[in-house]
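Beneath this line is the structure, given in structure tokens, with notes to follow.
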Amino acid sequence: MSTTPSNHTKAQPDTVALFVSDLHLSAQTPLTTAAFLDFLARYAQHTQQLYLLGDIFEYWAGDDDIDDPFNHTMINSLKSVSDQGVKVYWVAGNRDFLVGDRFAEASRLIRLPDPCVIEMAGEPILLTHGDAYCTDDVDYMQFRSQVRDTHWQQGFLAKPLAERKQMITAMREGSRAAQREKSMAIMDVNLLAMDTLFRQHGVTRIIHGHTHRPAIHQTESGTRYVLPDWDLDHAPHRGGWLEADLAGGFHERGSWHVVAIE
Ligand code: MN
Numbered sequence: 009m010s011t012t013p014s015n016h017t018k019a020q021p022d023t024v025a026l027f028v029s030d031l032h033l034s035a036q037t038p039l040t041t042a043a044f045l046d047f048l049a050r051y052a053q054h055t056q057q058l059y060l061l062g063d064i065f066e067y068w069a070g071d072d073d074i075d076d077p078f079n080h081t082m083i084n085s086l087k088s089v090s091d092q093g094v095k096v097y098w099v100a101g102n103r104d105f106l107v108g109d110r111f112a113e114a115s116r117l118i119r120l121p122d123p124c125v126i127e128m129a130g131e132p133i134l135l136t137h138g139d140a141y142c143t144d145d146v147d148y149m150q151f152r153s154q155v156r157d158t159h160w161q162q163g164f165l166a167k168p169l170a171e172r173k174q175m176i177t178a179m180r181e182g183s184r185a186a187q188r189e190k191s192m193a194i195m196d197v198n199l200l201a202m203d204t205l206f207r208q209h210g211v212t213r214i215i216h217g218h219t220h221r222p223a224i225h226q227t228e229s230g231t232r233y234v235l236p237d238w239d240l241d242h243a244p245h246r247g248g249w250l251e252a253d254l255a256g257g258f259h260e261r262g263s264w265h266v267v268a269i270e
């Protein structure tokens with residue numbers, strides 16, 4: 009009979025949860041991808057829960073693209089985190105909302121609805137990607153309701169993969185051109201919509217991404233954490249995450265500087 013500690017016993021995790029979003033990863037962003045893989049190995053493997061809050065991928069053409077070498081690497085890296093006993097949660101972004109069961113199963117991640125309320129240290133926290141609350145951007149909201157429609161998605165996914173990728177390229181170019189015409193205020197979340205969200209769900213903390221305007225906003229309704237976007241392939245380099253520690257505290261990690269977008 010051995011009295012030595014079982015080697016199945018995991019070391020006490022360093023943190024309760026990490027929240028990250030807006031990496032916009034693709035094969036065209038090798039340095040950002042490397043930084044994310046480093047984040048997974050150094051930090052995500054040593055937490056209890058990892059929350060991916062949308063736009064982890066620059067685009068997702070459909071789960072039949074999981075054999076693409078880049079996607080394959082990402083799936084294996086995410087899987088290796090959950091293989092360590094970390095719960096990995098996924099909220100879809102406006103770039104990667106076509107992620108489905110096949111991807112989720114291969115990556116061993118748990119998909120959450122947007123918005124959703126989780127509990128941490130007895131406190132409810134609302135998680136969302138954030139794009140659904142950019143209600144001042146009427147054109148975007150119209151586009152969003154089109155592409156989030158089940159029939160539209162079924163029709164899109166029925167097209168050949170190569171055709172879908174071409175359509176996505178065209179949509180991304182259209183979105184970039186449209187963004188240049190819009191004011192920064194229009195592309196931010198609507199503050200009334202956020203106040204409503206706090207009240208409707210009875211939460212005092214909201215964590216979201218999407219706007220690429222990292223900040224911690226203390227308002228009368230509660231605290232709103234806006235996660236940073238990542239880009240190590242283009243200057244200015246940036247990328248960070250939010251950490252929930254074992255004592256119930258929240259900390260900004262990495263770079264949380266707001267970067268002016270051209
Ligand atoms: Mn987004």
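Using the numbering used here, read the sequence shown as starting at 9 and increasing by one per residue.
From the three backbone atoms N, C-alpha and C, an ideal C-beta is built for every residue, glycine too.
Secondary structure at residue i, three-state DSSP: helix, strand or coil?
| i | result |
| --- | --- |
| threonine 143 | coil |
| proline 168 | coil |
| proline 13 | A caution first: proline 13 carries a pLDDT of 47, below 50, which makes its placement in the model unreliable, though a value can still be read off. Three-state result, proline 13: coil. |
| glutamate 113 | helix |
| threonine 23 | strand |
| leucine 254 | coil |
| glutamate 228 | coil |
| methionine 128 | strand |
| histidine 259 | strand |
| cysteine 45 | One detail in the question is off: residue 45 reads as leucine in this sequence, not cysteine. If DSSP states are grouped into helix, strand and coil, leucine 45 belongs with the helices. |
| leucine 106 | coil |
| alanine 193 | coil |
| valine 155 | helix |
| glycine 70 | coil |
| valine 272 | Residue 272 is absent from the model: the chain starts at 9 and stops at 270. |
| tyrosine 51 | coil |
| asparagine 79 | helix |
Classify residue i as buried or exposed, calling it buried when 16 or more other Cβ atoms lie within 10 Å of its own Cβ.
| i | result |
| --- | --- |
| glutamine 57 | buried |
| glycine 256 | exposed |
| serine 75 | The sequence as given places aspartate at residue 75; serine does not occur at that position. Burial call: exposed. |
| histidine 80 | exposed |
| tyrosine 70 | Position check: residue 70 holds glycine in this sequence, whereas tyrosine was assumed. Under this definition glycine 70 is a buried residue. |
| leucine 26 | buried |
| valine 155 | exposed |
| tryptophan 238 | buried |
| arginine 232 | buried |
| isoleucine 64 | buried |
| glycine 93 | exposed |
| serine 183 | exposed |
| glutamate 131 | exposed |
| proline 38 | exposed |
My understanding is that residue i touches residue j, with C-beta atoms under 8 Å, so please give their C-beta distance in whole angstroms.
| i | j | result |
| --- | --- | --- |
| alanine 43 | glycine 217 | So it is not a contact: roughly 16 Å between Cβ atoms. |
| leucine 61 | serine 85 | So it is not a contact: roughly 17 Å between Cβ atoms. |
| isoleucine 133 | isoleucine 215 | 6 Å |
| glycine 262 | proline 236 | 7 Å |
| aspartate 203 | serine 229 | 5 Å |
List the residues that DSSP assigns as beta-bridge partners of residue i.
| i | result |
| --- | --- |
| arginine 246 | Asp239 |
| arginine 119 | Trp98 |
| glycine 57 | The amino acid at residue 57 is misidentified as glycine; the sequence shows glutamine. Paired residue(s): Ala25, Lys95. |
| glycine 62 | None; glycine 62 has no bridge partner. |
| isoleucine 214 | Leu134, Arg232 |
| alanine 223 | Val234 |
| leucine 33 | Phe65 |
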